[in-house]
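S.K.:
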Amino acid sequence: MVELHRLVILISGSGSNLQAILDAVECDRILAVPTLVVSNRKEAYGLVRAENAGVPTAYFPFKPYREAGQTREAYDADLAELIRPYQPTLIILAGWMHILSAAFLQHFPNRVINLHPALPGQFAGTHAIQRAYEAYQRGEIDHTGCMVHYTIPEVDAGPVIAQAEVPILPNDSLADLEERIHQAEHELLVTAVQTVLASP
Ligand code: GAR
86 MVELHRLVIL ISGSGSNLQA ILDAVECDRI LAVPTLVVSN RKEAYGLVRA ENAGVPTAYF
146 PFKPYREAGQ TREAYDADLA ELIRPYQPTL IILAGWMHIL SAAFLQHFPN RVINLHPALP
206 GQFAGTHAIQ RAYEAYQRGE IDHTGCMVHY TIPEVDAGPV IAQAEVPILP NDSLADLEER
266 IHQAEHELLV TAVQTVLASP
C-alpha cells in the first residue's frame, strides 16, 4: 500500500488557506494526511477549522520564551522537536507570522514552504497587501500578486514554487484587494502543494 504524505500546517490567524488545504485533502485534490496544525496565537480561528476537520492541534506561543529571556532560536528548536514526531513530508506556513531561523529549518531541509501575499521580491514581511495597495495609489505598481516559496531564514524569500499575478483596479478598496488576493492564494497554495508532493 502506498504511504500517504504527511502535512504539518503552521498558522497564526483566520486559517482560510489552511481551509483550502483541508478542502483539497477532503476531495482528494491533495493526496496527503494533515497530521498537525500549530498556531502561535491562541485565538487563531484556524485552530477551530482544524478541530472541525479532526486534525490534531497545538498552541505554541513565543511569549513565554521572551518573558523567560530565552532566544528565538530556543523557541525554534523546541518547535522543531514538537513537530518532528509527526514526520512531516511537508511543512506549510499558511499565514504563520513568526520568522523561522536555521534552528528550525535545519531539521526539515527543503520541506518547509511559505505563502506570501505579494510577488517575489516585493513587500516582504507584514501588511504586504496594504503596502501594495498604497504603492498602487502612489502610481508605483499596477498589479500585485501572491507566491509560494521554499523557506529560508530571510523573511518571505527563497526559491519560488508558484506565483500568481493579481490585478489592482482603480476603484478597489483595500478590502476588495485583500479579497481578490485571498481568492488567488487559496488556489495557488493547493497547486503549489500538489507540485511539491509530486516532485521526486
Ligand atoms: C495570507 O494572506 C498569507 O499570505 C499571509 O497571511 C495571510 C493568512 O491568511 N502571510 C504573510 O503575510 C506572510 N508574510 P489566512 O489565515 O486566512 O490563511
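Going by my numbering, the sequence shown opens with residue 86, and the numbers climb by one from there.
All C-beta atoms in this analysis are idealised placements derived from N, C-alpha and C, irrespective of residue type, glycine included.
Pull up the distance between the alpha-carbon of Leu-167 and that of Asp-161, whole angstroms please.
M.R.: Between Leu-167 and Asp-161, the C-alpha separation is close to 10 Å.
S.K.: Under a CB-based cut-off of 8 Å, is Pro-244 close to chain B?
M.R.: In the structure shown, chain B cannot be found, because there is only a single protein chain.
S.K.: Consult DSSP for Thr-229 and reduce its assignment to one of helix, strand or coil.
M.R.: Three-state result, Thr-229: strand.
S.K.: Can you find the residues in the same chain that come closer than 6 Å, C-beta to C-beta, to Asn-98, ignoring five residues on each side of it along the sequence?
M.R.: Contrary to the premise, residue 98 reads as Gly rather than Asn in this sequence. Once the five neighbours on either side are set aside, the close Cβ partners of Gly-98 are Ala-129, Gly-180.
S.K.: Got a sec: does the ligand GTP put a non-hydrogen atom nearer than 7 Å to the Cβ of Ser-124?
M.R.: Although the ligand GTP was asked about, the structure shown includes only the ligand GAR as ligands.
S.K.: Within this structure, are the beta carbons of Leu-273 and Ala-249 separated by less than 8 Å?
M.R.: Contact flag set, yes.
S.K.: For Ala-153, which of helix, strand or coil comes out of DSSP?
M.R.: In this structure, Ala-153 counts as coil in the three-state DSSP scheme.
S.K.: Is the distance from the Cβ of Ala-277 to the Cβ of Val-233 below 8 Å?
M.R.: Yes, they are a contact pair.
S.K.: Say the cut is 7 Å; is the CB of Pro-202 nearer than that to a heavy atom of the ligand GAR?
M.R.: Yes.
S.K.: Our contact map puts Thr-174 next to Ala-117 with C-beta atoms below 8 Å; I'd like the distance itself, whole angstroms only.
M.R.: Right, the Cβ-Cβ distance comes to about 7 Å (below 8 Å), so this counts as a contact.
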